[in-house]
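Student: In our numbering, the protein residues as written are 595 to 1029.
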Ligand code: EPU
């Protein structure tokens, strides 16, 4: 069993390089399936999610060549099957995204059921409805989704919520459908804009209009692309919170201000500091006490739900009461139980403690929390329940007095590249034990 042993109470100092964005890379790899020509992607992270996506593509006929440590060439001149093997069930959110490319190239698709972090039920009804609207027949069996389409036709699709994955499913399907597709209430995260940029390089015609509207004019054929993945703004925020929570001072090479504006504003409000350079961002503690905050997560350009977990642990170090309202997922505070065992004072509420329209109003979900700081944390043994919660536990261990043992590290290695090396490079007492 592999686990981390972390000795806390040492400030993080030094420099690290941020990796390519997890939530973009897998989609970029799937986009390559839309063409017979080779596609070259650089700034590729060596993380579990990327490897699983590459394996899935290989299982339907793609050949993958690592040209150097972080660049891949992926070619799918011919798809060998329309069936993505069942062994990929329950691992990540990607199988549904393969349906569009498979439908265009094979006329049918069978993909396994989705997995990913356990942060709520995470249905894919919006994806399925969108695929049906574009002309596919979709059937759910015990183990997979089966879909078939003789021809895909553009349509008007209004999303009930600006879902990242559904917007991607529609983009990857409508770009080669006949006619025009309009997505209303689309997600417009920077990772989605980068996906649109790739599709444009491939020859797609996609316009991003005002008010979350995306207009896609279908084309007959797409070509190969060369693209450098944007950097991971969730990883940047995670290390930033770790630096400030430990009274440290770090430089994150490759961190981009675009896409992080809301995070930087929030950091400034609590008394954390940053300095933006051409090649990255420095994050540091001023030594002054941190002040509490009222915060609501939201879709872009709001405060990302994936920044919430590192921020919650950071707020245990602020003086006073912080209030956080999670509006994207109904069940994304479960991880705080372990933090309270370390000494954090965090109370969960079913009520909406905030003013944003929230789908979880009057429903039985603990989706708001109040944090009372500053608390002194003590090292314990804990088991990571999901990816982002995992980084929150790492930060907690880095702050805490004494030694913490962090288990369940496979979750974190799905999404953070070289976490132990990066932490050690910043002076953390961070050992990886493989027993
Ligand atoms: N939703 C539905 N029906 C659907 C699709 C979504 O009800 O058909 C709901 C979800 O249950 C959720 C909300 O809509 O409450 C948002 O889901 P969305 O589709 O936007 O999320 P996703 O595409 O499944 C991606 C990231 C998540 C990130 C969210 C929100 C990937 C692989 N995952 O998930 O990342 O939290 O967008 O930004 O891109 C992570 O990296 O740890 C992670 C969970």
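Idealized CB from N, CA, C, for every residue including glycine.
Would you tell me roughly how many angstroms separate the C-alpha atoms of residue 950 and residue 894, rounded to the nearest one?
Tutor: Each residue's alpha carbon lies about 14 angstroms from the other.
Student: At what residues does the alpha helix (DSSP H) containing residue 923 begin and finish?
Tutor: Run containing residue 923: none; DSSP gives neither H nor E here.
Student: If I follow the unbroken beta strand (DSSP E) through residue 1010, where does it start and stop?
Tutor: Unbroken run through residue 1010: none, as it is neither H nor E.
Student: With 16 other CB atoms within 10 Å as the buried threshold, where does residue 796 fall?
Tutor: Buried is the call here.
Student: Could you check how far apart the C-beta atoms of residue 746 and residue 772 are, in whole angstroms? I think they sit under 8 angstroms.
Tutor: Right, the Cβ-Cβ distance comes to about 7 angstroms (below 8 angstroms), so this counts as a contact.
Student: Go ahead and pull the three-state DSSP assignment for residue 829.
Tutor: Of the three classes helix, strand and coil, the one that applies to residue 829 here is helix, per DSSP.
Student: Report buried or exposed for residue 617, applying the criterion of at least 16 other Cβ atoms within 10 angstroms of its Cβ.
Tutor: The residue is buried, with at least 16 neighbouring Cβ atoms inside 10 Å.
Student: When DSSP builds the beta bridges, which residues end up paired with residue 607?
Tutor: BP columns for residue 607 point to 843.
Student: Between the stretch 622–641 and the stretch 773–793, are three or more C-beta pairs nearer than 8 angstroms?
Tutor: Contact between the stretch 622–641 and the stretch 773–793 is present, because at least three Cβ pairs lie under 8 angstroms.
Student: Taking residue 731 as the reference, give the member of 807, 763, 697 with the closest Cα.
Tutor: The residue with the shortest Cα to Cα distance from residue 731 is 697.
Student: Check for me: the beta strand (DSSP E) holding residue 706 runs from which residue to which?
Tutor: Residue 706 -> beta strand (DSSP E) spans 702–706.
Student: In this structure, does DSSP put residue 634 in helix, strand or coil?
Tutor: The answer is strand: DSSP assigns residue 634 an E or B state.
Student: If you run the structure through DSSP and keep just helix, strand and coil, what is residue 877?
Tutor: Residue state, collapsed to three classes: strand.
Student: Do the stretch 913–927 and the stretch 700–714 make contact, defined as three or more Cβ pairs closer than 8 angstroms?
Tutor: In short, these stretches touch, since the Cβ pair count reaches three.
Student: Our contact map puts residue 897 next to residue 934 with C-beta atoms below 8 angstroms; I'd like the distance itself, whole angstroms only.
Tutor: Contact doesn't hold; Cβ gap of about 23 angstroms is too wide.
Student: Measure the alpha-carbon distance for residue 892 versus residue 955 and round it to whole angstroms.
Tutor: Computed Cα separation, rounded: 15 angstroms.
Student: With burial defined as no fewer than 16 other Cβ atoms inside 10 Å of the residue's Cβ, what is the status of residue 883: buried or exposed?
Tutor: When all chains shown are included, residue 883 counts as exposed.
Student: In terms of alpha-carbon separation, which member of 841, 920, 760, 908 lies closest to residue 608?
Tutor: It is 841 whose Cα lies nearest to the Cα of residue 608.
Student: Comparing the CB of residue 976 with every heavy atom of the ligand SAH, is any distance shorter than 7 angstroms?
Tutor: Absent from the structure shown: the ligand SAH. Ligands present: the ligand EPU.
Student: Using a Cβ-Cβ cut-off of 6 angstroms (strictly less than) and excluding sequence neighbours within five positions of residue 952, which residues of its own chain qualify?
Tutor: Counting only Cβ-Cβ distances below 6 angstroms, and skipping sequence neighbours, we find 921, 946.
Student: So, under 8 angstroms CB-CB, residue 802 and residue 782 are touching, yes? Tell me the CB distance rounded to an integer number of Å.
Tutor: Yes, they are in contact, since the Cβ atoms of residue 802 and residue 782 sit about 7 angstroms apart, within 8 angstroms.
Student: Measuring alpha carbon to alpha carbon, tell me which residue in 1017, 828, 1016, 821 is nearest residue 851.
Tutor: Nearest option by C-alpha distance: 828.
Student: Select from 974, 948, 648, 943 the residue whose C-alpha is nearest the C-alpha of residue 993.
Tutor: Answer by Cα proximity: 974.
Student: By alpha-carbon positions, which one of 647, 901, 612, 605 ends up nearest to residue 881?
Tutor: The shortest C-alpha separation from residue 881 is found at 605.
Student: Which class does residue 639 belong to by DSSP, given the choice of helix, strand or coil?
Tutor: Residue state, collapsed to three classes: coil.
Student: Need the endpoints of the alpha helix (DSSP H) that residue 759 sits in, please.
Tutor: Start and end: 758–768.
Student: Keeping to the same chain, check which residues put their C-beta closer than 8 angstroms to that of residue 930; ignore five residues upstream and five downstream.
Tutor: Cβ within range, chain order: 906, 938, 940, 942, 963.
Student: What residues match up with residue 657 in a beta bridge as DSSP calls it?
Tutor: DSSP lists 669 as partners of residue 657.
Student: Using CA atoms only, rank isn't needed, just tell me which of 658, 614, 770 is closest to residue 640.
Tutor: Taking only the C-alpha atoms, the option nearest residue 640 is 614.
Student: Can we count residue 829 as close to the ligand EPU, meaning its CB is less than 7 angstroms from some heavy atom?
Tutor: Incorrect: residue 829 has no Cβ contact closer than 7 angstroms to the ligand EPU.
Student: Residue 740 and residue 707 look like a contact to me (Cβ under 8 angstroms); what is the Cβ gap, rounded to whole Å?
Tutor: With a Cβ gap of about 12 angstroms, residue 740 and residue 707 do not count as contacting.
Student: Hey, is residue 904 close to the ligand EPU, as in C-beta under 7 angstroms from one of its heavy atoms?
Tutor: No.
Student: Return yes when at least one heavy atom of the ligand EPU lies under 7 angstroms from the C-beta of residue 1034, else no.
Tutor: Missing from the structure shown is residue 1034; the chain here goes from 595 to 1029 and no further.
Student: Select from 756, 649, 635, 629 the residue whose C-alpha is nearest the C-alpha of residue 700.
Tutor: Among 756, 649, 635, 629, the Cα nearest to that of residue 700 is on 629.
Student: How many angstroms separate the CA atom of residue 849 from the CA atom of residue 736?
Tutor: Their backbone Cα atoms lie some 43 angstroms apart in a straight line.
Student: Going by DSSP, name the residue or residues bridged to residue 538.
Tutor: Past the boundaries of the shown model lies residue 538; the chain is included only from 595 to 1029, so the question cannot be answered.
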